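J.: Chains as they are written, first to last, in this note's numbering: chain A, 5 to 207; chain B, 5 to 713. Right, I'll just put the structure down here and ask away after.
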Amino acid sequence: MSGFVFATAQYESGDWDSAPLVPANIIDTIARYTQLEVMPTGVAVPLGSAELFRYPFVFLTGHLPVRLNETERANLRTFASRGGLLFVDDHNHDVDGAFHRTCTEEITRTVGPLVDLPNDHPLYSAFFRFENGPPTTTHELNGWGDNLVHKHLLAVLRDGRISVLYSNKDYSSEWGYHPESKRLYSVDNTRFAVNVIVYALTR
Amino acid sequence: MSEIKEGALATARARVSRTQVVLLAGVVTSALFWALAAATLALGALVGLDWWVGLTSQVRVLLRPFAAFIGAAAAVVVAWRGRGARSPERVALWIEEAAPRLRYALVTVLEGRFAAAAPRLEEEVAAVSWWRPLVRAALRATLVPAAALALGVLALAALPRGAVERVGAPRPGDALLRPGPRGGPADPLSPLVATVVSPAYARLAPVTLEDPDQIAALAGSAVRIEGRGDARRLHGRLGADTPASGPGGGRIGGDTLTFAAGGGRWRAGFVMPAEPAALVLTAEGRERVVVLAPQPDSVPVVTLSAPARDTIFRAATGVLPLAAEARDDIGLDAAWFELIVSAGEGETFTFRTAVVHRTAAGGARALALRATLRLDSLGLAPGNIVHLRAVAADGNTVAGPGKGVSETRTLRIARVGEYDSIALEGAPPLFADTSLLSQRMLLMLAEALEARRPRMERPPFVDESRRIASDQARLRRRVGDVIFMRLGGAPQGEEGEGEGERRGGLSPEELLRAADSVTTMTMGEALDFAGGESPVVAVNRPLLEAYNAMWDAGRELEIGEPGRAIPHMRAALEAIQRARNAVRVYLRGRAAPLVVDVARVRLAGSREGAGGGRRAPRPALTLARGRLLSRFRTALPLLAARDPAAVDSLLLLRVDALGGAPAAAAALGEAIAALRAGRDATAPLVRARRALEAEPLRGGPLAAWEGGW
Numbered sequence: 005m006s007g008f009v010f011a012t013a014q015y016e017s018g019d020w021d022s023a024p025l026v027p028a029n030i031i032d033t034i035a036r037y038t039q040l041e042v043m044p045t046g047v048a049v050p051l052g053s054a055e056l057f058r059y060p061f062v063f064l065t066g067h068l069p070v071r072l073n074e075t076e077r078a079n080l081r082t083f084a085s086r087g088g089l090l091f092v093d094d095h096n097h098d099v100d101g102a103f104h105r106t107c108t109e110e111i112t113r114t115v116g117p118l119v120d121l122p123n124d125h126p127l128y129s130a131f132f133r134f135e136n137g138p139p140t141t142t143h144e145l146n147g148w149g150d151n152l153v154h155k156h157l158l159a160v161l162r163d164g165r166i167s168v169l170y171s172n173k174d175y176s177s178e179w180g181y182h183p184e185s186k187r188l189y190s191v192d193n194t195r196f197a198v199n200v201i202v203y204a205l206t207r
Numbered sequence: 005m006s007e008i009k010e011g012a013l014a015t016a017r018a019r020v021s022r023t024q025v026v027l028l029a030g031v032v033t034s035a036l037f038w039a040l041a042a043a044t045l046a047l048g049a050l051v052g053l054d055w056w057v058g059l060t061s062q063v064r065v066l067l068r069p070f071a072a073f074i075g076a077a078a079a080v081v082v083a084w085r086g087r088g089a090r091s092p093e094r095v096a097l098w099i100e101e102a103a104p105r106l107r108y109a110l111v112t113v114l115e116g117r118f119a120a121a122a123p124r125l126e127e128e129v130a131a132v133s134w135w136r137p138l139v140r141a142a143l144r145a146t147l148v149p150a151a152a153l154a155l156g157v158l159a160l161a162a163l164p165r166g167a168v169e170r171v172g173a174p175r176p177g178d179a180l181l182r183p184g185p186r187g188g189p190a191d192p193l194s195p196l197v198a199t200v201v202s203p204a205y206a207r208l209a210p211v212t213l214e215d216p217d218q219i220a221a222l223a224g225s226a227v228r229i230e231g232r233g234d235a236r237r238l239h240g241r242l243g244a245d246t247p248a249s250g251p252g253g254g255r256i257g258g259d260t261l262t263f264a265a266g267g268g269r270w271r272a273g274f275v276m277p278a279e280p281a282a283l284v285l286t287a288e289g290r291e292r293v294v295v296l297a298p299q300p301d302s303v304p305v306v307t308l309s310a311p312a313r314d315t316i317f318r319a320a321t322g323v324l325p326l327a328a329e330a331r332d333d334i335g336l337d338a339a340w341f342e343l344i345v346s347a348g349e350g351e352t353f354t355f356r357t358a359v360v361h362r363t364a365a366g367g368a369r370a371l372a373l374r375a376t377l378r379l380d381s382l383g384l385a386p387g388n389i390v391h392l393r394a395v396a397a398d399g400n401t402v403a404g405p406g407k408g409v410s411e412t413r414t415l416r417i418a419r420v421g422e423y424d425s426i427a428l429e430g431a432p433p434l435f436a437d438t439s440l441l442s443q444r445m446l447l448m449l450a451e452a453l454e455a456r457r458p459r460m461e462r463p464p465f466v467d468e469s470r471r472i473a474s475d476q477a478r479l480r481r482r483v484g485d486v487i488f489m490r491l492g493g494a495p496q497g498e499e500g501e502g503e504g505e506r507r508g509g510l511s512p513e514e515l516l517r518a519a520d521s522v523t524t525m526t527m528g529e530a531l532d533f534a535g536g537e538s539p540v541v542a543v544n545r546p547l548l549e550a551y552n553a554m555w556d557a558g559r560e561l562e563i564g565e566p567g568r569a570i571p572h573m574r575a576a577l578e579a580i581q582r583a584r585n586a587v588r589v590y591l592r593g594r595a596a597p598l599v600v601d602v603a604r605v606r607l608a609g610s611r612e613g614a615g616g617g618r619r620a621p622r623p624a625l626t627l628a629r630g631r632l633l634s635r636f637r638t639a640l641p642l643l644a645a646r647d648p649a650a651v652d653s654l655l656l657l658r659v660d661a662l663g664g665a666p667a668a669a670a671a672l673g674e675a676i677a678a679l680r681a682g683r684d685a686t687a688p689l690v691r692a693r694r695a696l697e698a699e700p701l702r703g704g705p706l707a708a709w710e711g712g713w
C-alpha cells in the first residue's frame, strides 16, 4: 500500500454504506487541494477485521442504530490507541436520534467520553482555516430534521489528539454527490474534509 | 475390743481426712494464684515487648491467649506437684513428716494390720497435734503466688494505658495508642492511621489501615486519616508538585484539606479521587507520601442468551422468550431489556424505543433476567427492524450508575412478497425499445409515401424516399451499437468512427455477413457455437435479422422504391419486437465504484510526480512511558546512595504509573514494600524497569504504517 486510502468503516449493524459517493468526492477534493499521494478509489474495511489497522483514517456513517460486537469494539479500541482517527458522521437529520444515541454510546464505551471540540481547535486550521468552527451544512439550514445548527463537533481526545471525531451535521448528505458536480458550487463544501484528513495524517 | 479398735481407727482417719481437705484446698488455691500470677506477669512482659519493638496487630491478637496459656501451664504444674494430697496414705506420710513425734503411729493405724496395738497407737496419735505445720503449709502455698499476682498487677498498672490496651484489646488502627518516645513532641507523620468508609451503595464494611503506603479504595470513598501531635505543624497537599497551602491546611483535588486537633491527635478527611494521586504530608521539613489508588467500579457484564441470534420473522406475531444474565463486581441496581424499533428506508427512518421487564436487583452481584416479548404488541409492520439488547446498571451513586449492555440482536419483519420474489430493479429502456418506435415510424412514413406515389412527381418522391433511407441507415447503426453492447462493448455510434474501422472485433462488412447468415438460418434452429456460429450471432440473432432487413430496406429506399422496402421494414420491426420481448433481468447489486482520475483533477497528466513525497512515520505514542522511565532512572542512584527520598520518588512514580503502566506500578509497589521492610528490592525493581522499557505492541503486518506504530 502506498498513499492515502479513504477507508469507510463497515460494521455489522446498520447501513454503513449509506453514502457511496462521499469517498470519491473526498478523494477528488484531496487531489484537488493537496499534494498528498492519494489512491483513486476508497475501500470498505470491516471494523472487526485486522485490516482496519492499515488505515490511519476511517470514515463511519449510517442512519440506523450502531451496535458494535466485541471484536469490533476491541479493534476500534486498538485502532484508537495506535493513533488512528475515526470520523463518524450521523447521516440522519434528527435530534438525539437512534444513530446518535447508539453510536455515541458505543464510542464512549469503547474509546472514551465525547466532549465538545472547541471551535479554535487545530483541526480547524490544519489546512483551510475555519474561523467559526465546523462548516454548516444545507440540512442544518434548510429546515430539514432538527432545524438546528450544531455549533460544535464532538471528539474523543487522547493525549490532546483527536481519536474519534463525531459530527451531527450530516456531512454524508452534504458531500454525497458526484465529484464532477463540484464545479456547480461557488464554494467547495468539501474543503473541511481536507482539514480532517490532513489532521489525521500529520498530528 | 472390736468397737475400740474401730473407734480408734475412725478418729485417726477422720483427722487425716480433714488434713487432706485442707491440703487439697491449698493446692487448688495455689494453682489458681500461680495461674493468675503467671498470666499477669507474662502479659506485662509482652506489653513491654510491644512497647519496645511495636508488634503488628496480627501478633498482638495472639498475645492474650499466649498469656492465658502460660497461666494454665503454671496451674497444671502446681496441681501436678500437689497431686499427693489426693491420697490419704500420702497425706498421712506428709503428717508423719510434719510431726515426727508420731513415729509412724498414724501410718500404722491407717494400715490396720496391727489391730492389737491399735488402741495404743491411737492414743499416741491423739496425743500429737499437726495443726500448726498444716496452717504454715497452707499459708505458704497461697501467699507466695498471691504476691506474684500482686506484682504482675502492679506491673500492668505501671505500664502506659495505651500500651496495655494494644495487647489487651487489639484492634485495627490502634497504632496511635502505642506510646511515643519520651522527652519530645510526638511525630505527626508516624504512626498514621487511615479509615476508609466505602460509598453506601457498595455495602462494604469500613476498613482501617495502619501506617499505609497506599490507600486503595473505591472512588468516592470517605477517607479519614489520623495521627499524633500538633496539627499546626502539619502541611498537606495532593501531588508532589503542588505547593503547600500553609500550616494546618492543604489541597486535595481542589478541596481544602482541613486538619482538626484534639486529645493530642490530628485528624483530616477527604474523598478518594477518581484518578491516582499522592497525598503528601509535610512536617518540619520531612515528608510522608501516601499513594491514593482509586479502585474502579466496573460496569456490569451482561450476556444475552435468548434470542441467540439475529432472526427474520415472516409475520410480526408470536411470543419471543428473552433471557439474559448480568454480573457486577459491587452490586447491581436494576436490569432490563431495551428495544429500538426502526421503520423506513433510504433517507427516511423513524424510531421507537421501549424498555421491557425492568427488574430491581437490590444490590445482588448476579441476576438472571427472564421475560417474554409479544411481537404483536409492538405494532410492527413489514420491513420493521427490532434491535434488542439487555442492559444492567449498578448502584454507583458517586460517578453515576455504570451501565453494561449485551450484544444486540436484530429481529426483522419480512417485507411483503420477500419470500416470493427476488429483488429486482427496473432498468432503463434499451436502444432496442427506442428503435422499435423509430422503425414503426419509418414504416408508417414509407407506407404514407407509397400511398402518395400516384399523386407525386418522381424527383420529389425519390428525395422523400432517400430521406427515409437516411433515417433508416441511422437506425440501423444504432441497432448495430446495441449488438456490440450486448457483447460488453461500449455503445459507440457509427458516426464517430470510420466505416472501415473494426468495432467489437467485427468490421461492418463482417457484421453484415453475420446478419445475412442469420437471415438465411431456419427459424427455431438451435444455436450451435461449435458449428461455426459466433457469439455475436448467438446472442443477437433477432437484432441481426433486423439489421439485415434494415439494410435491405435502406437500399430499396435509396433508389426510390419504398413499396419494395416496406416488407423489409416490417421484417425489421418484427425482429426488433422479438428482441424486445426477450426477458431482461438485472440482479440488484452494488454500484460500480467511482474511480477518481487523480491526475486529471490535478491537471498533472499522470500520477507520477504528483505526490508530495513520503511522509515521515508518526512518532510512537509512548512519550508518557518514556517520562516514567526517565524518572525511574533518576530514582535509582538515590536508592544506591540510601537516600530516604528515593522511596518517596518511587511512590510518586507509582502514582503516575497506576494509570498507564499497571505492570510497572505493581512492581514498584513490591519494591517499595521491600525497601520499607529492609529487604532486597532488586527483583521488583528489575521487573519495574522491564515493564517501563517494554516496546509498543505490534498487531500484525502493517505495511506502510508499521514504522510509526
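Cβ atoms here follow ideal geometry from the backbone N, Cα and C, with glycine treated the same way. Please read all numbers here as calculations on a predicted model, not as lab measurements.
Under the three-state reduction of DSSP, which class applies to residue 504 of chain B: helix, strand or coil?
T.: Taking the second sequence and counting its residues from 1, the one referred to as residue 504 of chain B is at position 500. Note that residue 504 of chain B has pLDDT 40, beneath the 50 cutoff, so the model's placement of it is unreliable and the number below is only indicative. Correct three-state label for residue 504 of chain B: coil.
J.: Cβ closer than 8 Å: which chain B residues qualify as neighbours of residue 17 of chain A?
T.: For the purposes of this step, residue 17 of chain A is taken as the residue at position 13 of the first sequence. Within 8 Å Cβ-Cβ: 391, 412 and 414.
J.: Using only the alpha-carbon positions, how far apart do residue 75 of chain A and residue 411 of chain B sit?
T.: Along the first sequence, read from residue 1 onward, the residue named residue 75 of chain A stands at position 71. Along the second sequence, read from residue 1 onward, the residue named residue 411 of chain B stands at position 407. Answer to the nearest angstrom: the Cα atoms are 11 Å apart.
J.: Could you check where the beta strand (DSSP E) with residue 270 of chain B kicks off and where it finishes?
T.: Within the second sequence, the letter at position 266 stands for residue 270 of chain B. Per DSSP, residue 270 of chain B belongs to the beta strand (DSSP E) from 269-275.
J.: Quick one: what does DSSP say residue 218 of chain B is sitting in, helix, strand or coil?
T.: Taking the second sequence and counting its residues from 1, the one referred to as residue 218 of chain B is at position 214. Three-state DSSP puts residue 218 of chain B in a strand.
J.: With a threshold of 8 Å between beta-carbons, can residue 183 of chain A be considered close to chain B, or not?
T.: Looking up residue 183 of chain A in the first sequence gives position 179. Yes, residue 183 of chain A lies at the interface with chain B (some Cβ there is under 8 Å from its Cβ).
J.: So, using beta-carbon positions, are residue 220 of chain B and residue 297 of chain B closer together than 8 Å?
T.: By one-based count along the second sequence, residue 220 of chain B stands at place 216. By one-based count along the second sequence, residue 297 of chain B stands at place 293. The answer is yes: Cβ separation under 8 Å.
J.: Check residue 263 of chain B in the structure and name its three-state DSSP category.
T.: If you number the second sequence from 1, residue 263 of chain B lands on position 259. If DSSP states are grouped into helix, strand and coil, residue 263 of chain B belongs with coil.
J.: What are the partner residues of residue 329 of chain B, as DSSP defines its beta bridges?
T.: Against the second sequence, residue 329 of chain B aligns to sequence position 325. For residue 329 of chain B, which the question treats as bridged, DSSP gives the partners B:307 and B:372.
J.: From residue 338 of chain B to residue 96 of chain A, what distance separates their C-alpha atoms?
T.: Residue numbering aside, residue 338 of chain B sits at position 334 when the second sequence is read from its first letter. Residue numbering aside, residue 96 of chain A sits at position 92 when the first sequence is read from its first letter. Each residue's alpha carbon lies about 32 Å from the other.
J.: Please list the segments of the alpha helix (DSSP H) lying wholly inside the region 5-93 of chain A, counting only runs of 4 or more residues, in order along the chain.
T.: Fully enclosed alpha helix (DSSP H) runs of 4 or longer: 26-37 and 74-85.
J.: Using a Cβ-Cβ cut-off of 7 Å (strictly less than) and excluding sequence neighbours within five positions of residue 66 of chain A, which residues of its own chain qualify?
T.: Residue numbering aside, residue 66 of chain A sits at position 62 when the first sequence is read from its first letter. 18, 19, 20, 22, 95 and 103.
J.: Our contact map puts residue 240 of chain A next to residue 52 of chain A with C-beta atoms below 8 Å; I'd like the distance itself, whole angstroms only.
T.: As displayed, chain A neither begins before 5 nor continues past 207, which places residue 240 of chain A out of reach and without an answer.
J.: What are the complete alpha helix (DSSP H) segments, minimum 4 residues, inside the region 155-200 of chain A?
T.: Listed in chain order, they are 175-178.
J.: Please report the distance separating the alpha-carbon of residue 106 of chain B from that of residue 34 of chain B.
T.: Start at 1 with the first residue of the second sequence, and residue 106 of chain B comes out as number 102. Start at 1 with the first residue of the second sequence, and residue 34 of chain B comes out as number 30. About 28 Å.
J.: Which first and last residues belong to the alpha helix (DSSP H) in which residue 392 of chain B is found?
T.: By 1-based counting over the second sequence, the position of residue 392 of chain B is 388. Premise fails: residue 392 of chain B lies in the beta strand (DSSP E), 389-398, not in any alpha helix (DSSP H).
J.: Under the three-state reduction of DSSP, which class applies to residue 143 of chain B: helix, strand or coil?
T.: Here the question's residue 143 of chain B lines up with position 139 in the second sequence. Looking at residue 143 of chain B - three-state DSSP - the assignment turns out to be helix.
J.: What residues in its chain sit with their C-beta under 6 Å from that of residue 202 of chain B, if we drop five residues either side in the sequence?
T.: On the second sequence, residue 202 of chain B is found 198 positions in, with the first residue counted as 1. Around residue 202 of chain B: 208, 222 and 225.
J.: Closer than 8 Å by C-beta to residue 745 of chain B: which residues in its own chain qualify, once you throw out the five before and the five after it? Chain order, please.
T.: Missing from the structure shown is residue 745 of chain B; chain B here goes from 5 to 713 and no further.
J.: At a Cβ threshold of 8 Å, is residue 296 of chain B touching chain A?
T.: For the purposes of this step, residue 296 of chain B is taken as the residue at position 292 of the second sequence. No, residue 296 of chain B does not count as interfacial toward chain A.
J.: Taking CB distances under 8 Å as the criterion, tell me whether residue 592 of chain B reaches chain A.
T.: The residue labelled residue 592 of chain B in the question sits at position 588 within the second sequence. The predicted model places residue 592 of chain B with a pLDDT of 44, which falls under 50 and marks its position as unreliable, so this point remains unresolved.
J.: Can you say whether residue 29 of chain A is buried or exposed, counting buried as having 16 or more other CB atoms within 10 angstroms of its CB?
T.: Indexing the first sequence from 1 puts residue 29 of chain A at position 25. It is buried - the Cβ of residue 29 of chain A has at least 16 other Cβ atoms within 10 Å.
J.: Check whether the Cβ of residue 403 of chain B sits closer than 7 Å to any heavy atom of the ligand SAM, and report yes or no.
T.: Among the ligands in the structure shown, none appear at all, so the ligand SAM cannot be discussed.
J.: Can you name the residues of chain B whose CB is closer than 9 Å to the CB of residue 64 of chain A?
T.: Working through the first sequence from its first residue, we reach residue 64 of chain A at position 60. Under the 9 Å cutoff, chain B gives no residues; its nearest Cβ is about 17 Å from residue 64 of chain A.
J.: For residue 600 of chain B and residue 31 of chain A, which I take to be in contact (beta-carbon distance under 8 Å), what is that distance rounded to the nearest angstrom?
T.: Here residue 600 of chain B is taken as the residue at index 596 of the second sequence, counted from 1. Here residue 31 of chain A is taken as the residue at index 27 of the first sequence, counted from 1. Indeed, because the Cβ distance is near 5 Å, the residues count as touching under 8 Å.
J.: Just the C-alpha distance for residue 61 of chain B and residue 196 of chain B, rounded to the nearest angstrom, thanks.
T.: Position 57 of the second sequence, counting from 1, holds the residue named residue 61 of chain B. Position 192 of the second sequence, counting from 1, holds the residue named residue 196 of chain B. Approximately 14 Å between the Cα atoms of the pair.
J.: Can you list, in chain order, the residues of its chain with a C-beta nearer than 7 Å to that of residue 649 of chain B? Leave out the 5 residues immediately preceding and following it.
T.: In the second sequence, the residue the question calls residue 649 of chain B occupies position 645. The residues are 642.
J.: Spatial neighbours of residue 454 of chain B within its chain, please: C-beta separation below 6 Å, excluding the five flanking residues on both sides.
T.: For the purposes of this step, residue 454 of chain B is identified with residue 450 of the second sequence, where counting begins at 1. For residue 454 of chain B, where only same-chain residues beyond five positions count, the Cβ hits under 6 Å are 566 and 567.
J.: Alpha helix (DSSP H) containing residue 660 of chain B: first to last residue?
T.: As a position in the second sequence, residue 660 of chain B is number 656, starting the count at 1. Segment 649-664, the alpha helix (DSSP H) holding residue 660 of chain B.
J.: Of all Cβ atoms in chain A, is any one closer than 8 Å to the Cβ of residue 316 of chain B?
T.: As a position in the second sequence, residue 316 of chain B is number 312, starting the count at 1. Residue 316 of chain B does not count as touching chain A.
J.: Between the Cα of residue 321 of chain B and those of B:576, B:381, B:191 and B:334, spot the shortest distance and give me the residue it belongs to.
T.: Sequence index remark: in the second sequence, residue 321 of chain B carries index 317 (1-based). It is B:381 whose Cα lies nearest to the Cα of residue 321 of chain B.
J.: Within the same chain, show all residues whose beta-carbon is closer than 7 Å to that of residue 2 of chain A, passing over the 5 residues directly before and after it, in chain order.
T.: Only positions 5 to 207 of chain A appear in this structure, which leaves residue 2 of chain A out of reach.
J.: Would you check if the distance between the CB atom of residue 393 of chain B and the CB atom of residue 308 of chain B is smaller than 8 Å?
T.: Start at 1 with the first residue of the second sequence, and residue 393 of chain B comes out as number 389. Start at 1 with the first residue of the second sequence, and residue 308 of chain B comes out as number 304. Yes; because the gap between Cβ atoms is below 8 Å, this pair is in contact.
J.: Going by C-alpha to C-alpha distance, which of A:106, A:133, A:114 and A:70 sits closest to residue 77 of chain A?
T.: The sequence position of residue 77 of chain A within the first sequence is 73, counting from 1. The residue with the shortest Cα to Cα distance from residue 77 of chain A is A:114.
J.: Helix, strand or coil: which one does DSSP assign to residue 417 of chain B?
T.: Taking the second sequence and counting its residues from 1, one reaches residue 417 of chain B at position 413. If DSSP states are grouped into helix, strand and coil, residue 417 of chain B belongs with the strands.
J.: By the 10 Å Cβ neighbour count, where 16 or more other Cβ atoms means buried, how is residue 87 of chain A classified, buried or exposed?
T.: As a working mapping, residue 87 of chain A is identified with position 83 in the first sequence. Buried is the call here.
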